[in-house]
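Have a look at the structure below, then the notes.
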Amino acid sequence: MPKLDIQIAVEADGWAGEAELEGLAGRVLETAAEYLRSEENQPFPAMPIEVSLVFSSDEQVREINAEWRGQDKPTNVLSFPAFPLSPGGKPGPMLGDIIVARETVEREAVDLDKSFTDHLTHLMVHGFLHLFGYDHMDSEGAERMESLETRILASLGLSDPYAGHDPV
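Heads up, the sequence shown stops at 458 in this note's numbering, and the numbers go up one at a time, no gaps.
The structure is reproduced here in structure tokens:
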């Protein structure tokens, strides 16, 4: 089983307690890592790789999104790889950062008729895959990434978040 060193930072109000978020993040990211290893032959180093999860607000994510992506608006999740990685490439000791905006996740969960936790789980998997070099910039990449997300989420007992939608 791949070893992860998951660092949690809660930087906004309204999130669950740190222990609850650590438990959820550990279960989700460790499942995703094991799925990548066993089903996608993703190599992992012998030592744990560090990934940080920042539980933030729309305002903080809007600022980061404007600065780093030139988009002055909040988004649900941002991922910042520590080093460029292509799918199947071996990560170094630091994988990167995943930043999640609480208010956007709440709105989207309501719009999608999903629980907040289920939607947050999907976004953690989505952000984690970005750190491994997966993207959805073109239809081929989107299909690959969404298929992988769907299979990982199924292993966590969650339904296909893309059912009935074209890859984006």
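For each residue, glycine too, the CB sits at the ideal point set by N, CA and C.
| Query | Result |
| --- | --- |
| Endpoints, the beta strand (DSSP E) within which leucine 343 is located | 339-346 |
| C-alpha distance - phenylalanine 373 paired with phenylalanine 334, whole-angstrom precision | 14 Å |
| According to DSSP, residues forming a beta bridge with glycine 386 | Val341, Pro371 |
| Glutamine 465 in three-state terms, based on DSSP | With the chain covering only 291 through 458, there is no way to say anything about residue 465. |
| Contact under 8 Å by Cβ, leucine 385 with leucine 438 | no |
| Reduced DSSP secondary structure (H/G/I, E/B, other) of alanine 444 | helix |
| Rounded distance between the beta-carbons of leucine 368 and isoleucine 389, thought under 8 Å | 5 Å |
| Contacts around serine 376, its chain only, beta-carbon distance under 8 Å, and the 5 residues preceding and following it disregarded | Gly423 |
| Aspartate 425 versus alanine 432: straight-line alpha-carbon distance, rounded | 6 Å |
| For alanine 306, three-class secondary structure by DSSP | coil |
| Spatially closest choice to glycine 447 from Asn355, Asp408, Asp401, by CA coordinates | Asp408 |
| Phenylalanine 406 - DSSP class collapsed to helix/strand/coil | helix |
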